[in-house]
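Sequence positions in the sequence shown follow the numbering used here and run 50 to 430.
Structure, as structure tokens:
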Amino acid sequence: MVRLDIIGLARGSIEAARWTDGRPGRLDVTTEAFDWVAVLDDDAFDRHAPARRHPECPERLAAARDGLRAALPASSQRRLAVRDATVAELERVHSRAHLSAMSAALDGRFRSLDADTYVSPGSRDAAFRAAGAAAVLGDALARGEVRRGFGLLRPPGHHAERDRAMGFCLFNNVAVAASSARAAGARRVAVVDWDVHHGNGTQQIFESDPSVLFISLHQWPLYPGTGAPEDIGRGPAVGTTANLALPPGSGPEDYAHAFRVVVRPLLASFGADVLLVSAGYDAHVRDPLGAMRLDAATYGAMASELAAAADALGHGKVGFILEGGYDLQALEASVSETVRGATGATQSLPDGRPSPAAAAAVESTRRALEPHHALLARPLR
Ligand SMILES: [Zn+2]
Numbered sequence: 050m051v052r053l054d055i056i057g058l059a060r061g062s063i064e065a066a067r068w069t070d071g072r073p074g075r076l077d078v079t080t081e082a083f084d085w086v087a088v089l090d091d092d093a094f095d096r097h098a099p100a101r102r103h104p105e106c107p108e109r110l111a112a113a114r115d116g117l118r119a120a121l122p123a124s125s126q127r128r129l130a131v132r133d134a135t136v137a138e139l140e141r142v143h144s145r146a147h148l149s150a151m152s153a154a155l156d157g158r159f160r161s162l163d164a165d166t167y168v169s170p171g172s173r174d175a176a177f178r179a180a181g182a183a184a185v186l187g188d189a190l191a192r193g194e195v196r197r198g199f200g201l202l203r204p205p206g207h208h209a210e211r212d213r214a215m216g217f218c219l220f221n222n223v224a225v226a227a228s229s230a231r232a233a234g235a236r237r238v239a240v241v242d243w244d245v246h247h248g249n250g251t252q253q254i255f256e257s258d259p260s261v262l263f264i265s266l267h268q269w270p271l272y273p274g275t276g277a278p279e280d281i282g283r284g285p286a287v288g289t290t291a292n293l294a295l296p297p298g299s300g301p302e303d304y305a306h307a308f309r310v311v312v313r314p315l316l317a318s319f320g321a322d323v324l325l326v327s328a329g330y331d332a333h334v335r336d337p338l339g340a341m342r343l344d345a346a347t348y349g350a351m352a353s354e355l356a357a358a359a360d361a362l363g364h365g366k367v368g369f370i371l372e373g374g375y376d377l378q379a380l381e382a383s384v385s386e387t388v389r390g391a392t393g394a395t396q397s398l399p400d401g402r403p404s405p406a407a408a409a410a411v412e413s414t415r416r417a418l419e420p421h422h423a424l425l426a427r428p429l430r
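The structure is reproduced here in structure tokens:
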């Protein structure tokens, strides 16, 4: 039988094809995957607003929206309808006690839940809508309706634990997205968290769940103090938590090294049906809360790397969910580069040598996980 072999792909269009009997062929097929990005956004996210100056403020979302628009013309954006999360969706990742506590706390008044975490009159709508948008994204990815998505969500979520709001986070949006993807048929979901802070909530929610791989790249030491390389999951899920606890001052070469030695082989080894990204931008060199040295281009390169990993798994499904990032200029530029990197403007991670301290941190993680993933069992380059 003579078949048509596709021999070249660029930006989702088949550029060249050849019949297996040698005749040249041509197909002008444009797959929809790379031509549009699902965008999840809602006015409610602006109404979570602090009573006084706070780094987690609505202006962040305006900057992120500007960044997304700069990278993606309106014709390449598909707005997905968002809605509030249901109790059932929230209860997949949070305890009933947490939902009761949040319902009581979100009573239309300004309050401080802890030294960092506020709620405001608009927070109830924002929190339920952000988690609902995450559920919509996870569901659409799992069903194959979306292959690239970006949730411009506030409040952020990755510090929220099963039982507790903390670190500016009320509900764990990315965890809701992951569990919704599972409920919609994804057998395995990977979450990569590149926020400068450890995603303690996401780790805690999934640390005993072998169907969710959680990989965090974070500054160590830093708030909230969790995320040691030795934390690799519990019980049946040993090997499905990876913590890259990088030293302050880590830059593009250090993140590139972590991707090459741990993130890339781990994603290939785990074989997720859906990839989610806790996309925080506070490891940017300008960020006031972190002490890392990333630039916008590195976020683009990491996004490109993760999109390529998802493509290599045969489905190309990647959903980005906004977490932190507190310098508005850095946030805007980095969201732009993320979207470009995820939609085909391939950017490579830098080749330079990592610092000795970062290389040692990455090696700790590799060594902890090596017994559980054959692809990690190779010497450090
Ligand atoms: Zn953060």
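For glycine and all other residues, C-beta sits at the position ideal for the given N, C-alpha and C.
Per-residue burial, residue i [other beta carbons within 10 Å of its own, 16 or more giving buried]
i, result
"Glu386", "buried"
"Pro205", "buried"
"Glu108", "exposed"
"Thr80", "Because the pLDDT at Thr80 is just 41, under 50, the model does not fix this residue reliably, and the value given afterwards should be weighed accordingly. Looking at its Cβ environment, which holds fewer than 16 other Cβ atoms inside 10 Å, Thr80 is exposed."
"Gln253", "buried"
"Asp156", "exposed"
"Arg132", "exposed"
"Gly284", "exposed"
"Arg415", "buried"
"Thr290", "buried"
"Val185", "buried"
"Ala153", "exposed"
"Asp163", "exposed"
"Val136", "exposed"
"Arg203", "buried"
"Ala410", "buried"
"Pro403", "buried"
"Ala123", "exposed"
"Arg231", "buried"
"Ala426", "exposed"
"Gly401", "exposed"
"Ser149", "exposed"
Residues near residue i in its chain [Cβ-Cβ closer than 6 Å; skip 5 each side]
i, result
"Ala233", "Asp188, Ala191 and Arg192"
"Leu338", "Asp331 and Tyr375"
"Ser353", "Gly390, Thr395 and Gln396"
"Pro399", "Pro301, Glu302 and Ala305"
"Ala93", "Asp174, Ala175 and Arg178"
"Tyr348", "Ser383, Glu386 and Thr387"
Three-state secondary structure assigned by DSSP to residue i
i, result
"Phe308", "helix"
"Val388", "helix"
"Met14", "Nothing in the structure corresponds to residue 14, since the chain is present only between 50 and 430."
"Leu424", "helix"
"Gln268", "strand"
"Thr289", "coil"
"Leu202", "coil"
"Ile254", "helix"
"Asp242", "strand"
"Phe369", "strand"
"His147", "helix"
"Ala417", "helix"
"Leu19", "Given that the chain is displayed from residue 50 to residue 430, the structure contains no residue 19 and the question cannot be resolved."
"Ser397", "coil"
"Ser404", "coil"
"Glu210", "strand"
"Phe263", "strand"
"Val223", "helix"
"Ala350", "helix"
Cβ pair residue i, residue j closer than 8 Å
i, j, result
"Leu117", "Val326", "no"
"Arg211", "His147", "yes"
"Ile264", "Val312", "yes"
"Gly373", "Arg342", "no"
"Ala87", "Val388", "no"
"Val225", "Ala134", "yes"
"Asp91", "Arg178", "yes"
"Glu138", "Ser257", "no"
"Pro296", "Ala214", "no"
"Ala209", "Phe220", "yes"
"Gly288", "His422", "yes"
"Pro273", "Asn249", "yes"
"Gln378", "Arg335", "yes"
"Phe199", "Thr166", "no"
"Ala113", "Leu355", "no"
"Gly368", "Asp244", "no"
"Leu129", "Leu201", "no"
Cβ shell of residue i (< 7 Å), same chain only, five flanking positions each side left out
i, result
"Val223", "Ala183, Gly206, His207, Val240, Thr251, Leu325, Ser327 and Ile370"
"Ala417", "Pro278, Glu279 and Ile281"
"Ser169", "His97, Ala98, Pro99, Ala100 and Phe159"
"Ile382", "Note that residue 382 corresponds to Ala in the displayed sequence, not to Ile. Taken in chain order, the residues that qualify are Gly116 and Ala345."
"Arg236", "Ser260 and Asp322"
8 Å Cβ shell around residue i - same chain, five flanking residues per side excluded
i, result
"Leu424", "Pro314, Leu315, Ala317 and Ser318"
"Cys106", "Ala98 and Pro99"
Minimum Cβ-Cβ distance from residue i to chain D less than 8 Å
i, result
"Glu138", "Structure shown: chain D not included; a single protein chain is present."
Practice item. Write down every uninterrupted run of the beta strand (DSSP E) in the segment 103-128 whose length is 3 residues or greater and which is fully enclosed by it, in chain order. Key: 126-128
Practice item. Can you check the segment 151-200 for any beta strand (DSSP E) of at least 3 residues that lies completely inside it and give the ranges in chain order? Key: 197-200
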